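Residue numbers (the numbering used here): 48 to 109.
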């Protein structure tokens with residue numbers, strides 16, 4: 048079961064960067080992962096995989 052939905056706005060907990068969930072991966076022996084498209088702190092558009100515990104729901108105002 049996934050904590051975050053596709054298209055949901057999430058926040059990277061450690062950095063505060065916000066982005067949109069573009070993909071999800073479920074594993075038998077590892078944490079769920081999410082492919083997030085976000086604006087990095089230096090202003091670049093970035094795509095990266097994050098474990099479920101590294102993300103939290105973000106405010107809908109971006």
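C-beta: ideal position from N, C-alpha, C; glycine also. These numbers were taken from a predicted model, which means no experiment stands behind them.
Close-in-space but distant-in-sequence residues of the same chain around residue i (CB under 6 Å, 5 per side omitted)
i, result
"residue 58", "65, 103, 105"
Cβ neighbours of residue i in the same chain (closer than 7 Å, five flanking residues each side left out)
i, result
"residue 87", "64, 93"
"residue 95", "83"
Coil, strand or helix - residue i by DSSP
i, result
"residue 109", "With a pLDDT of only 45 at residue 109, under 50, the local geometry of the prediction cannot be trusted, and the value read off the model is given with reservation. Residue 109 falls in the coil class under three-state DSSP."
"residue 53", "coil"
"residue 66", "strand"
"residue 98", "strand"
"residue 103", "strand"
Distance between beta carbons of residue j and residue i, contact taken as under 8 Å
i, j, result
"residue 61", "residue 101", "7 Å"
Residue-level contact to chain C via CB, residue i, 7 Å cutoff
i, result
"residue 72", "Absent from the structure is chain C; it holds one protein chain and no more."
Residues sharing a beta bridge with residue i, DSSP
i, result
"residue 72", "80"
"residue 88", "DSSP lists no partner for residue 88."
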